[in-house]
Amino acid sequence: MTKIIKSVVCPICGCLCDDLEVTVENNEIIKMKNGCAVCEAKMVHGYKSEERILEPHIRKDGKLVPVSMDEAINKAAQILTDSKYPLLFGWTSSASETQHVGVELAEELGSALDNCCSVCHGPSVMATQEIGIPTATLGQIRHRADLIVYWACNPWSSHPRHVERYTAFTDGRFEKSEFKDYVQKLKAKASQKKVAATIRRTQVRYQPSRPQSATVEAPPQTLAKAGRKMIVFDVMKTMTAEVADYFVKVEPNRDYEIFGAMRCLVNDQELDVDSVGGIPVDYLKEIADVMVNAEFGAIFFGLGLTQSIGRFRNVELAIALTRDLNRKTKFVVSPMRGHFNVTGANTVFAWQTGYPFALDFSQGYPQYNPGEFTAIDLLRREDNDATLVISADPGAHFPKSALQNMMKYPLITINPDWNAISRLGDVVFPTQWCGIEQAGTAYRMDSVAISLKKVVEAPKGVPTDEEILRRILEKVRTIKAQKTTKENKEPQKEEAPKKRRLKPQEENVKAEGD
Amino acid sequence: MITITPKRVFTVPVQAACISADVFAGKPLEEIKKLSITEGKETITLDDAFNITEDKTIETPNITLTGDFSKVKRIGQGMKTGEIIINGDAGMHTGEKLAGGKIIVNGNSGGWTGSEMKKGLIEIHGNSGDYTASPYRGTSTGMKGGVITIDGNVGTDVGCYLQGGIIRIKGSAGRYLGYHMLDGTIFVEKDCAIRAGACMTGGKIIINGTIELLMPTFTIDSIKPKVKIDATQNAQGPFYVFLGDIAERGTGKIFALKATNPAFKDYEKYL
Chain A
1 MTKIIKSVVC PICGCLCDDL EVTVENNEII KMKNGCAVCE AKMVHGYKSE ERILEPHIRK
61 DGKLVPVSMD EAINKAAQIL TDSKYPLLFG WTSSASETQH VGVELAEELG SALDNCCSVC
121 HGPSVMATQE IGIPTATLGQ IRHRADLIVY WACNPWSSHP RHVERYTAFT DGRFEKSEFK
181 DYVQKLKAKA SQKKVAATIR RTQVRYQPSR PQSATVEAPP QTLAKAGRKM IVFDVMKTMT
241 AEVADYFVKV EPNRDYEIFG AMRCLVNDQE LDVDSVGGIP VDYLKEIADV MVNAEFGAIF
301 FGLGLTQSIG RFRNVELAIA LTRDLNRKTK FVVSPMRGHF NVTGANTVFA WQTGYPFALD
361 FSQGYPQYNP GEFTAIDLLR REDNDATLVI SADPGAHFPK SALQNMMKYP LITINPDWNA
421 ISRLGDVVFP TQWCGIEQAG TAYRMDSVAI SLKKVVEAPK GVPTDEEILR RILEKVRTIK
481 AQKTTKENKE PQKEEAPKKR RLKPQEENVK AEGD
Chain L
1 MITITPKRVF TVPVQAACIS ADVFAGKPLE EIKKLSITEG KETITLDDAF NITEDKTIET
61 PNITLTGDFS KVKRIGQGMK TGEIIINGDA GMHTGEKLAG GKIIVNGNSG GWTGSEMKKG
121 LIEIHGNSGD YTASPYRGTS TGMKGGVITI DGNVGTDVGC YLQGGIIRIK GSAGRYLGYH
181 MLDGTIFVEK DCAIRAGACM TGGKIIINGT IELLMPTFTI DSIKPKVKID ATQNAQGPFY
241 VFLGDIAERG TGKIFALKAT NPAFKDYEKY L
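One line per chain: the protein sequences are A and L, in this order. When the first sequence is numbered by the numbering used here, its final residue is 514 and no position is left out of the sequence of numbers. When the second sequence is numbered by the numbering used here, its final residue is 271 and no position is left out of the sequence of numbers.
This is the structure in structure tokens:
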């Protein structure tokens with residue numbers, strides 16, 4: 001039986017496009033409309049891959065053996081209660097309902113709790129705490145923004161529908177799409193190329209290559225046009241830079257200096273230097289003019305700011321520049337969040353505990369300090385003696401030293417497929433694909449809550465991650481209650497922390513972690 | 001004097017804010033042994049983790065810690081009087097919110113050492129971690145007074161939001177030295193990484209070595225032959241004096257030694 005489901009929400013990136021049309025036949029997605037290539041790869045092909053985990057596994061004698069759900073739950077709960085200081089990490093590809101249970105579990109265990117934003121946009125959150133953020137929803141930007149600045153991000157590849165749905169190439173109520181201009185520019189470029197080729201063929205046989213005087217092109221006159229404009233700041237010419245009106249090539253790790261200089265220029269101050277971060281100050285002056293003359297500007301920044309030298313300080317200055325611009329015109333700034341519910345993880349953790357990530361419950365109350373309680377820092381210092389990873393793959397993305405320390409102690413994973421971290425786990429749980437087999441709530445990159453839809457049924461016996469966590473939580477509570485009754489009867493002897501049965505699997509880490 | 005040595009190698013962080021001369025003062029040894037600390041999520045007594053002995057013949061230092069304390073956090077937190085000597089590495093938040101007294105670390109010290117301190121002295125005869133003398137996240141009131149001396153190098157973000165006091169660094173300093181500082185003095189005897197004094201609005205940073213790159217938001221003021229570090233000591237120049245951060249309309253000063261910073265010769269045309 002074929003059915004078409006409309007207004008399905010895409011569970012891939014922070015855009016959370018909610019206009020997908022999915023065709024389902026015999027409980028299988030066979031076709032979809034409106035989605036980008038990344039969305040199609042996951043929703044039509046990826047979710048039914050052969051790498052799917054269908055039953056729980058426990059590592060016995062170095063090999064992962066299928067076991068019953070009860071056994072796996074008991075084992076996981078036992079590991080977590082025996083541990084002196086476990087770490088719960090992941091959360092960003094789970095629904096907010098699951099994240100809510102996660103906080104409850106962390107509090108019960110007195111563990112460290114961190115989400116993937118500590119390796120992506122955590123610095124944006126920290127900068128917001130330092131200085132605040134003047135921001136807007138994507139809807140407002142779509143209808144009103146006449147100047148779009150993408151700083152250190154490449155939405156054409158990472159958020160493929162961002163430009164098309166929310167910024168330059170969409171028709172808003174008050175601003176028209178820039179797509180026609182772009183097509184005209186392409187045509188003009190093509191004819192320019194043809195003319196140049198003809199001249200080359202007819203007149204010049206050999207032309208020695210001349211060294212370029214500057215790496216940055218001068219701002220084009222089209223920046224003065226009315227209507228939508230798009231400027232891209234990046235270290236390399238990406239696809240987004242190709243479609244922009246003006247691309248500014250920045251020296252790597254010099255964004256902070258450029259933001260500082262731009263702030264001075266926006267405030268009509270003079271600089272003692274001729275160029276900043278490889279960009280002549282005269283060009284920066286023109287860009288500052290364009291920004292001040294915009295009616296409604298929006299800066300979107302990506303991981304190029306948050307994960308290069310300076311991290312949250314870079315973002316802090318981007319926000320400070322926006323604040324300065326707001327004295328002269330209307331400007332907003334917004335992070336390009338990655339995973340579809342990473343904003344949700346921050347939001348849920350914040351309304352439950354007061355803090356968005358890098359949490360610690362060891363004192364019985366939540367403590368927050370990025371650098372002290374962030375996953376990679378904890379693991380590199382070897383502070384934890386057990387780890388639970390949910391809906392994330394640190395196996396593929398964490399530094400080797402952090403992974404090696406993680407592998408010295410028991411590891412529990414909750415993931416739908418056999419990714420790098422699931423293969424390294426001691427207790428491996430299967431789970432449903434959130435947003436395809438499981439409904440729930442997710443937060444878009446501008447913190448708008450959107451309901452994810454259930455499109456197909458999950459394979460038999462595969463529970464939701466929320467259900468797994470609830471069962472682990474219940475078991476942990478039972479074990480703790482038993483312990484307390486035992487302790488009351490006889491004083492407890494101190495035990496040395498249990499090391500993992502296996503030797504640290506350096507070969508595995510090398511093969512799959514790097 | 002109370003002597004404390006770890007009973008075992010700690011695998012998880014230990015939070016021991018009670019190791020402080022104020023807390024120990026007037027308490028008999030048995031009571032000190034029963035003070036509670038946490039090891040990971042578990043609450044234990046000081047006696048469970050450390051060997052504690054008392055020598056009543058010695059008065060100062062009040063507490064001597066011997067061994068590896070790199071996983072022990074918050075030693076001497078909020079201490080008002082007394083002296084602690086740590087013969088080994090100290091963990092994070094050592095001497096946080098110090099309001100008097102003295103802490104000497106004969107080893108390296110972790111992040112947030114001397115964070116938000118008000119008075120007193122911290123001597124580190126090794127390296128110190130990131131955020132030394134910087135406040136907690138989101139706080140805009142940093143160290144208000146006292147002295148921190150570091151024999152080795154320091155990490156990034158040292159002396160953020162500094163409001164008073166002196167930080168002397170005999171080695172090199174990392175990025176964002178004196179970020180957003182309002183007052184006080186930072187003296188670095190060796191080199192300094194990028195973005196020193198970013199967003200500063202007051203105070204002075206003196207650098208005897210090379211500055212990797214000066215923020216474009218600083219403007220040259222003058223060349224001075226010497227500069228005062230404290231009431232008794234001067235640093236000999238000549239120094240380039242930069243004013244900033246002009247983006248924050250600040251009047252902080254960076255003194256960069258002329259001999260070690262030939263890259264700043266271009267600025268002389270503006271004098």
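Glycine included, each C-beta is placed from N, C-alpha and C at the ideal position.
Exercise. Which of the three DSSP states, helix, strand or coil, is assigned to residue 296(A)?
Worked result: Here residue 296(A) refers to the residue found at position 296 when the first sequence is read from its first residue. In this structure, DSSP gives residue 296(A) an extended state, which the three-state scheme calls strand.
For this session: Tell me, please, whether the CB atom of residue 289(A) is closer than 8 angstroms to any CB atom in chain L?
Result: The count along the first sequence starts at 1 and reaches residue 289(A) at position 289. By this cut-off, residue 289(A) is not an interface position.
Problem set entry | Beta-carbon contacts of residue 33(L) that lie in its chain and below 8 angstroms, excluding the five residues immediately before and after | For the purposes of this step, residue 33(L) is taken as the residue at position 33 of the second sequence. If we look at residue 33(L) and ignore the five residues flanking it on each side, its Cβ neighbours are 45, 46, 47, 52.
Problem set entry | residue 256(L) Cβ short of 7 angstroms to the ligand NAP heavy atom set | The ligand NAP is not part of the structure shown, which contains no ligands of any sort.
For this session: Spell out whether any CB of chain A is found under 8 angstroms from the CB atom of residue 227(L).
Result: The residue you call residue 227(L) lines up with position 227 of the second sequence. By this cut-off, residue 227(L) is not an interface position.
For this session: Please list the residues of the region 2-13 of chain L that have a C-beta atom closer than 8 angstroms to any C-beta atom in chain A, keeping them in chain order.
Result: Listed in sequence order: 11, 12, 13.
Problem set entry | Under 7 angstroms from the C-beta of residue 385(A): neighbouring residues of chain L | As a working note, residue 385(A) is residue 385 in the first sequence. Those within 7 angstroms of residue 385(A) in chain L are 11, 12.
Problem set entry | Short Cβ contact (8 angstroms threshold) for residue 557(A) with residue 21(A) | Not covered by the structure: residue 557(A). The range shown for chain A is 1 to 514.
For this session: Give, in chain order, every residue of the region 34-55 of chain L whose Cβ lies closer than 8 angstroms to some Cβ of chain A.
Result: Here the close residues are 38, 39, 40, 41, 42, 48.
For this session: Can you pull the chain L residues whose beta carbon is under 7 angstroms from the beta carbon of residue 404(A), in chain order?
Result: Here the question's residue 404(A) lines up with position 404 in the first sequence. Those do not exist, as residue 404(A) stays about 15 angstroms from chain L at its closest Cβ, beyond 7 angstroms.
For this session: Verify the CB distance criterion: does residue 196(L) have a CB-CB separation below 8 angstroms to chain A?
Result: Indexing the second sequence from 1 puts residue 196(L) at position 196. Taking 8 angstroms as the threshold, the shortest C-beta distance from residue 196(L) to chain A does not fall below it.
For this session: Answer yes or no: does any C-beta atom of chain L fall closer than 8 angstroms to that of residue 119(A)?
Result: Within the first sequence, numbered from 1, the residue matching residue 119(A) stands at position 119. Chain L has no Cβ within less than 8 angstroms of the Cβ of residue 119(A).
Exercise. Which residue from 29(L), 240(L), 154(L) puts its Cα closest to that of residue 174(L)?
Worked result: Here the question's residue 174(L) lines up with position 174 in the second sequence. Ranking 29(L), 240(L), 154(L) by Cα distance to residue 174(L) puts 154(L) first.
Exercise. When DSSP labels each residue in this structure, what does residue 305(A) get in the three-state scheme?
Worked result: For the purposes of this step, residue 305(A) is identified with residue 305 of the first sequence, where counting begins at 1. Helix.
For this session: Determine the DSSP secondary structure at residue 7(L), reduced to helix, strand or coil.
Result: As a first step, residue 7(L) is located in the second sequence; it is residue number 7 there, counting from the start. The DSSP-derived three-state label of residue 7(L) is coil.
Exercise. Which of the three DSSP states, helix, strand or coil, is assigned to residue 93(L)?
Worked result: The sequence position of residue 93(L) within the second sequence is 93, counting from 1. It is coil, neither helix nor strand.
Exercise. By DSSP, does residue 32(A) sit in helix, in strand, or in coil?
Worked result: In the first sequence, counting from the first residue as 1, residue 32(A) sits at position 32. If DSSP states are grouped into helix, strand and coil, residue 32(A) belongs with the strands.
For this session: Could you name the residues that DSSP lists as bridge partners for residue 440(A)?
Result: Locating residue 440(A) in the first sequence gives position 440, counting from the first residue. In the DSSP output, where bridge partners are listed per residue, residue 440(A) has 452(A).
Exercise. Would a check of beta-carbon distances place residue 169(L) closer than 8 angstroms to chain A?
Worked result: Your numbering for residue 169(L) matches position 169 in the second sequence. Interface residue (Cβ-Cβ distance to chain A less than 8 angstroms): residue 169(L) is not classified as such.
For this session: Closer than 7 angstroms by C-beta to residue 464(A): which residues in its own chain qualify, once you throw out the five before and the five after it? Chain order, please.
Result: Here residue 464(A) refers to the residue found at position 464 when the first sequence is read from its first residue. Close CB contacts of residue 464(A) within its chain, under the 7 angstroms cut and outside five residues either way in sequence, are with 431, 432, 438 (chain order).
Exercise. Just curious, the beta strand (DSSP E) that residue 54(A) is in, first and last residue?
Worked result: Taking the first sequence and counting its residues from 1, one reaches residue 54(A) at position 54. No residue range can be given for residue 54(A), since it is assigned to no beta strand (DSSP E) and is classified by DSSP as neither H nor E.
For this session: Any chance you could list the alpha helix (DSSP H) runs of at least 4 consecutive residues sitting entirely within the region 184-253 of chain A, in chain order?
Result: Counting whole runs of 4 or more residues, the region 184-253 of chain A contains the alpha helix (DSSP H) stretches 239-243.
Exercise. By DSSP, does residue 122(L) sit in helix, in strand, or in coil?
Worked result: Taking the first residue of the second sequence as 1, we reach residue 122(L) at position 122. Residue 122(L) falls in the strand class under three-state DSSP.
For this session: State yes or no: is the beta carbon of residue 371(A) nearer than 8 angstroms to at least one beta carbon in chain L?
Result: By one-based count along the first sequence, residue 371(A) stands at place 371. Put simply, the CB of residue 371(A) is near chain L, with a gap under 8 angstroms to one of its CB atoms.
For this session: Along the beta strand (DSSP E) that carries residue 134(L), what are the first and last residues, could you check?
Result: Taking the second sequence and counting its residues from 1, one reaches residue 134(L) at position 134. Going by DSSP, residue 134(L) is part of no beta strand (DSSP E) at all; its letter is neither H nor E.
Problem set entry | Under 9 angstroms by beta carbon: chain A residues contacting residue 61(L) | Looking up residue 61(L) in the second sequence gives position 61. The premise fails here: residue 61(L) is roughly 27 angstroms from chain A at the closest Cβ pair, so nothing lies under 9 angstroms.
Problem set entry | Chain-ordered chain L contacts of residue 362(A) [CB-CB under 8 angstroms] | Here the question's residue 362(A) lines up with position 362 in the first sequence. In chain order, 13, 15, 38, 40, 41 make up the part of chain L whose C-beta sits under 8 angstroms from the C-beta of residue 362(A).
Problem set entry | Residues sharing a beta bridge with residue 12(A), DSSP | As a first step, residue 12(A) is located in the first sequence; it is residue number 12 there, counting from the start. Residue 12(A) pairs with nothing; no bridge assigned.
For this session: Compare the C-beta of residue 451(A) with all C-beta atoms of chain L and state if any pair is closer than 8 angstroms.
Result: To locate residue 451(A), count along the first sequence from 1; it is residue 451. Chain L places no beta carbon closer than 8 angstroms to that of residue 451(A), leaving this residue out of the contacts.
Exercise. Does the region 327-339 of chain A come within contact of the region 144-164 of chain A, defined as at least 3 CB pairs closer than 8 angstroms?
Worked result: Flag = yes, the region 327-339 of chain A and the region 144-164 of chain A touch.
Exercise. Taking the DSSP output, what are the residues bridged to residue 384(A)?
Worked result: Locating residue 384(A) in the first sequence gives position 384, counting from the first residue. The partner list for residue 384(A) (beta bridge, DSSP) is empty, contrary to what the question assumes.
Problem set entry | Members of the region 216-247 of chain L near chain A, C-beta cut-off 8 angstroms | Listed by position, the residues of the region 216-247 of chain L near chain A (Cβ gap below 8 angstroms) are 216, 217, 218, 219, 220, 245, 246, 247.
Problem set entry | residue 284(A) versus residue 246(L): straight-line alpha-carbon distance, rounded | What you label residue 284(A) is simply residue 284 of the first sequence in a count that begins at 1. What you label residue 246(L) is simply residue 246 of the second sequence in a count that begins at 1. Each residue's Cα considered, the two are about 17 angstroms apart.
For this session: Using a Cβ-Cβ cut-off of less than 9 angstroms, give me the residues of the region 112-132 of chain L that come near chain A, in sequence order.
Result: If the cut-off is 9 angstroms between Cβ atoms, the region 112-132 of chain L has 112, 130, 131 near chain A.
For this session: Just the chain C side, please: which residues come within less than 7 angstroms of residue 138(L) by C-beta, in chain order?
Result: No chain C is present in this structure, whose protein chains are A and L.
Exercise. Identify the residues that DSSP records as bridge partners of residue 313(A): which are they?
Worked result: Stepping through the first sequence from its first residue, residue 313(A) is reached at position 313. BP columns for residue 313(A) are empty, so no partner.
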